[in-house]
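S.K.:
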Amino acid sequence: MYSNLKVLLAFLIMGTSLAKLNIVTTTTDIAWLAARIGKENVQVNSLLSGPENPHFVEALPSFIHKVASADIFCVVGLELESAWASKVQKRSGNSRIQVGGKGYCDASKEVEVLDKLEVAVDRSMGDVHSAGNPHYHLAPSYLIMAGKSILNSLIENDPNNKSVYKENFSKLALELSSLKESEIKKLSLRSNLKFMEYHKEFTYFLKDYQLSNAGSIEEISGVPPSAARILKVINIIKKEKVNIILATDSAPEKVLKKLVETTGVKIIKSPLSLIDYLSKDAYKKMQDGLIDQILEVK
40 MYSNLKVLLA
50 FLIMGTSLAK
60 LNIVTTTTDI
70 AWLAARIGKE
80 NVQVNSLLSG
90 PENPHFVEAL
100 PSFIHKVASA
110 DIFCVVGLEL
120 ESAWASKVQK
130 RSGNSRIQVG
140 GKGYCDASKE
150 VEVLDKLEVA
160 VDRSMGDVHS
170 AGNPHYHLAP
180 SYLIMAGKSI
190 LNSLIENDPN
200 NKSVYKENFS
210 KLALELSSLK
220 ESEIKKLSLR
230 SNLKFMEYHK
240 EFTYFLKDYQ
250 LSNAGSIEEI
260 SGVPPSAARI
270 LKVINIIKKE
280 KVNIILATDS
290 APEKVLKKLV
300 ETTGVKIIKS
310 PLSLIDYLSK
320 DAYKKMQDGL
330 IDQILEVK
């Protein structure tokens, strides 16, 4: 009888030590980060699949179901998902992953945030974030910062694997830094290029790669530009000799087409988020794809 209890206890201890942290993220980019840092010690699922605009998502029952059993719930932060993620948290009934809980992870906590607003925000200002620009993931240096936030959360929830997580993070940080340096060398051949962005989704990207940014097409964030704004943008493109407008798939084709027809500016589109987030090389492929499009512009 006693020996049977010892065997049972051993199995229970083994099962606990082998149990993977169940991590649920809002976006695929954060899921990729968590998977690369946690590796075999984590199970990662993203609520979004990649093509969606994370500003405009509903709190689906499937999201609530996934979050209900999560050990860690990790968000991009900076109010990107605030319209729906908070509903998912509350309706999940999972006290662990509520804001302030041990299982709540805000990936933006370690990020050096751009575009912070010092004024009061209201809806007339459009889709703005008073805490700062949440689209940091397209820039390798800033993604490393977000990775530090995830690392801290993993260590807090699974201290026994602290050294493993720290080693994984260090290797990933080196990998992303090397990727950035490699891409900068490519871009040095086209240092004369000037850019605009449709929505402020590429601000961190342009800063990280030391590229000239003449501003955004939108005057009110998240709201298609008016005829007067388009005319003003046309003048900016001509005056500043802007070569490229960066946009994601959610940017309105009608507006982009008008700018191309009147100025000859080139449009480069990129997915906002990773699609195959479980692939080790997904982020490099995304960066290479975007940089290669830039280098092809005459």
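Residue numbers for the sequence shown follow the working numbering, beginning at 40 and rising by one.
Just so you know, even glycine gets a beta-carbon here, dropped at the ideal spot from N, CA and C.
Source: prediction; values computed, not measured.
Helix or strand or just coil, what does DSSP make of A178?
M.R.: Coil.
S.K.: Decide if P291 is buried, meaning its Cβ has at least 16 other Cβ atoms within 10 Å, or exposed.
M.R.: With fewer than 16 other Cβ atoms within 10 Å, it is exposed.
S.K.: Use the C-beta contact count for I314: other C-beta atoms within 10 angstroms, 16 or more gives buried, fewer gives exposed.
M.R.: I314 comes out exposed.
S.K.: Can you list, in chain order, the residues of its chain whose CB lies under 7 Å from that of Q137, leaving out five sequence neighbours each side?
M.R.: Excluding sequence neighbours, Q137 sits near Q128, Y143.
S.K.: Spatial neighbours of P264 within its chain, please: CB distance less than 8 Å, with the 5 preceding and 5 following residues excluded, ordered by chain position.
M.R.: If we look at P264 and ignore the five residues flanking it on each side, its Cβ neighbours are I256, E257, E258, V272, V294.
S.K.: Any idea what DSSP makes of E222, helix, strand or coil?
M.R.: Helix.
S.K.: Just checking, does the segment 198-206 make contact with the segment 173-182 on the three C-beta pairs under 8 Å criterion?
M.R.: The segment 198-206 vs the segment 173-182: no contact.
S.K.: At the level of alpha carbons, what is the spacing between L310 and K78?
M.R.: Reading the sequence as shown, one finds Pro at residue 310 and not Leu. Looking at the two C-alpha atoms, the distance is approximately 25 Å.
S.K.: Return yes when the Cβ of I103 is within less than 7 Å of the Cβ of V83, no when it is not.
M.R.: No; because the gap between Cβ atoms is not below 7 Å, this pair is not in contact.
S.K.: Return yes when the Cβ of A170 is within less than 7 Å of the Cβ of L119, no when it is not.
M.R.: No, Cβ-Cβ distance for L119 and A170 is not below 7 Å.
S.K.: Would you tell me roughly how many angstroms separate the C-alpha atoms of G140 and I283, rounded to the nearest one?
M.R.: Cα to Cα, G140 sits roughly 43 Å from I283.
S.K.: Please classify L285: is it buried, with 16 or more other beta-carbons within 10 angstroms of its beta-carbon, or exposed?
M.R.: Classification for L285: buried.
S.K.: What are the boundary residues of the beta strand (DSSP E) that includes I275?
M.R.: Per DSSP, I275 belongs to no beta strand (DSSP E); it is in the alpha helix (DSSP H), 266-279.
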